[in-house]
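Chemist: This is the structure I have questions about; it appears just below.
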Amino acid sequence: MKFCQYSRRLLPVLGLGGLLLSPSLSPAAPSGAETSLEELLSLQTQIQSVQERTRKALVAIECGGGTASGVIVSPNGLIFTAAHVTGEPNRKVKVILSDGRTVEGTSLGLDTATDSAMIQLPAPAKAWPYVSISRETREVKVGDWCYALGHPGGWDVARGPVLRIGRIVKVAANMLQSDCVLMGGDSGGALFNPQGDVIGIHSQIWQGRDQNLHVSMAPFLRAWEVMKKGQVITAWAQGSGGWIGLSTEAAEGGLSIRAIAPDSPAMKAGLKEGDVIMSVNNEKLAAPVDFSQAIRNRTAGQLITLKIRSPHGERFVEVKLGQRPEQ
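For what it's worth, my numbering labels the leading residue of the sequence shown as 151, then goes sequentially.
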């Protein structure tokens with residue numbers, strides 16, 4: 151027996167005991183792919199084997215009159231959450247643990263450009279319950295199974311955290327999109343892979359069930375020490391890898407350069423506004439996101455070759471990507 155769509159009708163079959171399944175996971179699945187009952191049962195077994203550990207690390211957060219979620223990622227009580235939850239550094243926040251205990255935490259730094267933030271719990275008498283994070287950010291792929299934990303509607307002692315299963319719909323440099331169903335109060339909660347490792351933090355909850363956005367682990371790993379020191383990041387340059395320092399828009403045959411940052415690799419290579427980028431390392435470009443992805447996938451110091459069209463004709467330009475500046 152096979153299922154083309156994953157619906158609420160499967161809940162009794164899977165026996166997940168209170169887990170909320172996405173109404174339809176087919177948008178994230180490869181075209182024409184079917185999910186077998188055996189795969190679903192295997193997924194159920196895997197998630198059941200890790201859910202108790204991950205639930206213990208999930209926390210509810212009350213800050214500024216609102217409720218949200220977070221997840222403990224270290225034995226000394228470091229919490230990952232969303233920047234719009236904490237708002238600013240050195241702020242006292244109420245943290246409710248999985249067993250109902252309340253602890254006062256302190257907000258650390260935050261990255262408003264990607265909506266990532268940290269909270270520190272006080273020094274524990276014994277290690278806080280925590281989960282590991284996935285450091286292999288590029289291994290997350292469209293179609294991967296995942297599950298979301300959070301406190302929709304705020305802390306509920308009778309219900310506890312709510313777990314929802316879904317798939318990854320889209321992967322970007324700093325964000326993941328899933329079709330896990332989220333609600334208000336889930337913000338700052340965690341998105342896990344089936345092994346129970348954190349792969350994202352709930353950021354934007356939209357009306358469309360497949361349009362929920364999660365901060366990937368990339369911003370946290372990139373700015374770990376900066377945020378722990380209480381600093382605020384307000385902007386990142388283009389890409390999470392190398393940096394070229396230009397913006398583009400769609401044009402006939404490629405992408406037209408709209409603007410070039412001063413002292414950027416693009417400027418040093420002699421690129422001009424109005425030049426049309428036709429390809430990167432012989433890969434044609436259909437949209438600005440294609441160019442952004444090509445830059446993100448490379449590192450500072452790496453050389454790329456652009457095919458450029460200008461009023462003077464076509465030429466190849468070699469650009470050495472720079473280190474992304476921070477603000």
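Note that beta-carbon positions come from the ideal geometry of N, C-alpha and C, so glycine has one too.
Because the structure is a prediction, the values reported are computed rather than measured.
#1: Taking only the alpha-carbon atoms, compute the straight-line gap between G304 and I246 and give it to the nearest angstrom.
#2: What number of angstroms, rounded off, separates the C-alpha of E286 from the C-alpha of H462?
#3: Report all residues from its chain with a CB closer than 8 Å to the CB of S328; omit the five preceding and five following residues, and keep chain order.
#4: Can you tell me whether Q270 is helix, strand or coil according to DSSP?
#5: Can at least three beta-carbon pairs, one atom from the region 365 to 376 and one from the region 254 to 266, be found at a separation below 8 Å?
#6: What runs of the beta strand (DSSP E), each 3 residues or longer, lie entirely inside the region 209 to 272?
#7: Given A218, which residues of its chain have a CB within under 6 Å of its CB, disregarding the five upstream and five downstream residues?
#8: State yes or no: is the C-beta of G255 within less than 8 Å of the C-beta of M377?
#9: If you follow the beta strand (DSSP E) that S282 is part of, which residue opens it and which one closes it?
#10: By alpha-carbon positions, which one of T252, Y280 and V243 ends up nearest to V200?
#11: Grab me the residues of P344's own chain with a C-beta within less than 7 Å of its C-beta, minus the 5 sequence neighbours each way, in chain order.
#12: From which residue to which residue does the beta strand (DSSP E) around V467 run?
#13: By a C-beta neighbour count over all protein chains shown, 10 Å radius and 16 as the cutoff for buried, is P272 buried or exposed?
#14: Write down every uninterrupted run of the alpha helix (DSSP H) in the region 432 to 465 whose length is 4 residues or greater and which is fully enclosed by it, in chain order.
#15: Could you give the residue range of the alpha helix (DSSP H) that holds I197?
Modeler: Let me lay it out:
#1: Taking the straight line joining both Cα atoms gives about 10 Å.
#2: Near 44 Å, if we compare the C-alpha coordinates of H462 and E286.
#3: Residues A178, C296, A298, G316, R317, I318, V319, L341, G350, D360, N362 and H364 of the same chain have their beta carbon placed closer than 8 Å to that of S328, with the five preceding and five following residues left out of the count.
#4: Reduced to three states, the DSSP call for Q270 is strand.
#5: The region 365 to 376 and the region 254 to 266 touch, with no fewer than 3 CB-CB distances between them shorter than 8 Å.
#6: Every beta strand (DSSP E) of 3 residues or more that sits fully in the region 209 to 272 is shown, in chain order, as 216 to 222, 228 to 231, 242 to 246, 252 to 261 and 266 to 270.
#7: Correct list, in chain order: I211, V235, S337 and G338.
#8: At least 8 Å separates the beta-carbon of G255 from that of M377.
#9: S282 -> no beta strand (DSSP E), and no H or E assigned at all.
#10: Nearest to V200 by C-alpha distance, out of T252, Y280 and V243, is Y280.
#11: Result list for P344: L193, Q196, I197 and W295, in chain order.
#12: Here the beta strand (DSSP E) through V467 covers G463 to K470.
#13: It counts as exposed.
#14: If we require 4 residues or more, the alpha helix (DSSP H) runs fully inside the region 432 to 465 come out as 438 to 446.
#15: Per DSSP, the continuous alpha helix (DSSP H) segment holding I197 begins and ends at L187 to A207.
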